[in-house]
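S.K.: Chains as they are written, first to last, in the working numbering: chain A, 769 to 1022; chain B, 291 to 536.
Just so you know, even glycine gets a beta-carbon here, dropped at the ideal spot from N, CA and C.
The model shown is predicted, which means the values in this text are computed figures rather than measured ones.
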Amino acid sequence: MIAVTKKLLLNPFQALGRYSQLLFKAFGAVPEFGTYKKNLWEQMVRIGVDSMPIVMLAAAFSGAVTTVQTSYQLVSPLIPRSIIGSIVVPSMVLELGAVVTGFILAGRVGARIAAELGTMRVTEQIDALEAMGLNSIGYLIVPRVIAGIVMFPILYIAACFVGIGGGMLVGHMGGFVPMGEFVDGAREFFQPFDPIFGIIKSLVFGFIITSISCFMGYYTKGGAEGVGRATTQAAVASCVFLLIADLILAATLL
Amino acid sequence: MISVTNICKSFHGKEVLKGVSLDILEGETLAIIGRSGSGKSVLMKHIIGLLQPDSGTVTVDGININNVSYAELRSIRQHFGVLFQGGALFDSMNAFDNVAFPLRTFTSMSEKEVSNVVKNCLDMVELPDVGKKLPSELSGGMQKRVALARAVALRPRYVLYDEPTSGLDPETSNTIDELIQSLADQLNVTSIVITHDMHSVLNVADKAAFVHEGRMQWTGTIPELHASEDRILKRFVKANEYLIGV
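1) Distance check for B:Thr347 and B:Val358, CA to CA, integer angstroms please.
2) Below 8 Å CB to CB, which residues in the same chain sit around A:Ile881 once its five sequence neighbours on both sides are set aside?
3) If you reduce the DSSP assignment to three classes, tell me which class B:Ile512 lands in.
4) Identify the contact partners of B:Pro392 in chain A, using a Cβ-Cβ distance below 7 Å as the criterion.
5) Give me the Cβ distance between B:Ala378 and A:Glu892, rounded to the nearest whole Å; I'm assuming they're in contact under 8 Å.
6) Between which residues of its own chain and B:Leu473 is the CB-CB distance below 8 Å, once the five residues before and five after are set aside?
7) If you reduce the DSSP assignment to three classes, tell me which class A:Asn779 lands in.
8) Report the neighbours of B:Ser365 on chain A: residues whose CB is nearer than 8 Å to its CB, in chain order.
9) Can you name the start and end residues of the alpha helix (DSSP H) that B:Ser293 belongs to?
10) Round the Cβ separation of B:Leu373 and B:Pro454 to the nearest angstrom and send it over; I've been treating them as touching at under 8 Å.
11) Would you check if there are 3 or more beta carbon pairs closer than 8 Å linking the region 1011 to 1018 of chain A to the region 909 to 925 of chain A?
12) Determine, for A:Thr891, whether the minimum Cβ-Cβ distance to residues of chain B falls below 8 Å.
13) What does B:Ile353 touch in chain A if you count any residue whose Cβ is under 8 Å from its own?
14) Could you tell me whether the Cβ of A:Thr978 comes closer than 8 Å to any Cβ of chain B?
15) Which residues in chain B sit within 7 Å of A:Thr803, going by Cβ to Cβ distance?
16) Kindly indicate the opening and closing residues of the beta strand (DSSP E) around A:Gly990.
17) Could you tell me whether the region 935 to 947 of chain A touches the region 868 to 879 of chain A, using the rule of 3 or more Cβ pairs below 8 Å?
18) Inspect the beta-carbon positions of A:Gly906 and A:Tyr804 and report whether they are closer than 8 Å.
19) Buried or exposed, going by whether 16 or more other CB atoms sit within 10 Å of the CB of A:Tyr924?
20) Taking B:Lys304 as part of the beta strand (DSSP E), name the residues at either end of that continuous run.
21) So, A:Thr999 versus A:Gly935, is the Cβ gap smaller than 8 Å?
22) Quick one: is B:Val310 buried, meaning 16 or more other Cβ sit within 10 Å of its Cβ, or exposed?
23) Looking at the C-beta of B:Gly431, does it have a partner C-beta in chain A at a distance below 8 Å?
24) Closest Cβ-Cβ distance between A:Ala1039 and chain B: below 8 Å?
25) Tell me whether B:Lys330 is buried or exposed, calling it buried when 16 or more other Cβ atoms sit within 10 Å of its Cβ.
26) Among all the DSSP beta bridges, which residues are the ones paired with B:Val372?
27) With a threshold of 16 other CB atoms inside 10 Å of the CB of B:Gly535, please say whether the residue is buried or exposed.
28) Apart from the five residues just before and just after B:Met399, which ones in its own chain have a Cβ nearer than 8 Å to its Cβ?
29) Looking only at C-alpha atoms, which of A:Ile976, A:Leu902, A:Gly974 and A:Ile922 sits nearest to B:Arg364?
30) So with CB distances below 8 Å, who are the chain A contacts of B:Ala378?
31) Using the beta-carbon count (16 or more within 10 Å), is B:Lys497 buried or exposed?
32) Does B:Met506 come out as helix, strand or coil in the three-state DSSP assignment?
33) Starting from the beta carbon of B:Gln368, find every residue of chain A whose beta carbon is closer than 8 Å, and list them in chain order.
34) Compute the Euclidean distance between the alpha carbons of B:Tyr532 and B:His516, then round it to the nearest angstrom.
35) Can you have a look at A:Val813 and say buried or exposed, based on whether 16 or more other CB atoms are within 10 angstroms of its CB?
36) In terms of alpha-carbon separation, which member of B:Val332, B:His302 and B:Glu318 lies closest to B:Arg505?
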């Protein structure tokens, strides 16, 4: 009983310690850019370009649904319809653009990274890289984390544009708010710091999702079952830490 | 020369190696034999520094690899070629790119030179036409042969084979054994073969080291193995259903 309790209490700290160690080693491998630059390009395509369609789809629907729900809640002759634009746009820029993209990437990219590295671990491919004299952390983890940090803000910006566009289009076509009024509302309450905050958030989310997924995959144990476990843990832990980071950033920067 | 001196290793309180010592001389082919779970693969991982011993040392050409920086360890590892049990080919690359990988990573060869070396290596393992195939399109034996080609692409001084014939049919096992022998002859490498296949040991090895329950139970040449009176070694050999000398 004591041993189980001790294990439950110590496990998160041990994991945090190993995660920090991995990050430390990864930062140490950053200067060896030559060995992984090709891999970096591949990862940027896989994480960024390949995720674009699903992120766009989710963002368009998020913007559209926000418009419809806002108009449903605020329908009153006393409230100008431009308020819809002033709610939808900051919602996308401050929260939905980054969080929707984050959840999609946690599921799509996080799970893929963990499964890929986990399979490489259990089939001794990571040992093979090390045995050749290659820094496996530099070769496998650094390009994925850098690609996440670089591509997430791009996906976020695209998600914001598409989400706002989707909201505006549905508002106009559904007769909730004409485009002109939507834009007027958006302009009226626009804060220049909002997109900067969103980009800061997307950089942090990109780092969290890729680094946690790499950690889960790199230390996978136990064959196919272990790979499955690592994949699930990567997606779940990425989402949880993404939400925690979301709250901390909002509380400290806004 | 590789010297393993009195290494001990435990995992989660379970002792896997209990003071193993071993010398591997330049140019020889040594087979490390023993039952599954006896610590052979753990010993191999210590030899290339993939695992750190709890105590004891591993020296390669006089350098204690447990006492060097990661950068130095990586440069020492470039003298090794390793054939892993499952081949450990990179799934995302075809056979050609797998063999070319160490050449592109560690040398400044032009793509034409890389191509020539890869072709030579694939010819050496008698698989000249599989370059464009992905590992998943190759049989187990072919994967091991491609992995062998990759292991020797950089012309290492030491080649480690982890269970090179496990899971293969007798004919393919013989082919792998012949390859190990011919590579040792052609490239004049020091070979360390981890196996529990006595047939393979007698085919390829000059010397054998028998690991039993984490200890070095017996070492000697192949003629000495035939004559050994060590009870545990004899039982292991008998269990392999191989009658030495017959």
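M.R.: With the given structure in hand:
1) 12 Å
2) Arg912, Thr978, Ser981, Cys982, Gly985 and Ala1002
3) helix
4) Met900
5) 4 Å
6) Met414, Leu438, Val442, Val449, Val479 and Ser481
7) helix
8) Gly901
9) No alpha helix (DSSP H) holds B:Ser293; the beta strand (DSSP E) holding it covers Ile292 to Phe301.
10) 6 Å
11) no
12) yes
13) Simply none; closest approach about 14 Å.
14) no
15) Thr395
16) Careful: A:Gly990 lies outside any beta strand (DSSP E) and carries neither H nor E.
17) no
18) yes
19) buried
20) Lys304 to Ile314
21) no
22) buried
23) no
24) Beyond the ends of chain A as shown, which are 769 and 1022, falls residue 1039 of chain A; an answer cannot be given.
25) buried
26) B:Leu450
27) Unreliable positioning characterises B:Gly535 in this predicted model, as indicated by a pLDDT of 48, which lies under 50. A coordinate reading is not provided.
28) Leu393 and Val407
29) A:Leu902
30) Thr891, Glu892, Gln893, Asp895 and Ala896
31) buried
32) strand
33) Met900 and Gly901
34) With a pLDDT of 49 at B:Tyr532, under the threshold of 50, the modelled position of that residue is not reliable, and the figure given next carries that caveat. Approximately 11 Å between the Cα atoms of the pair.
35) exposed
36) B:Val332
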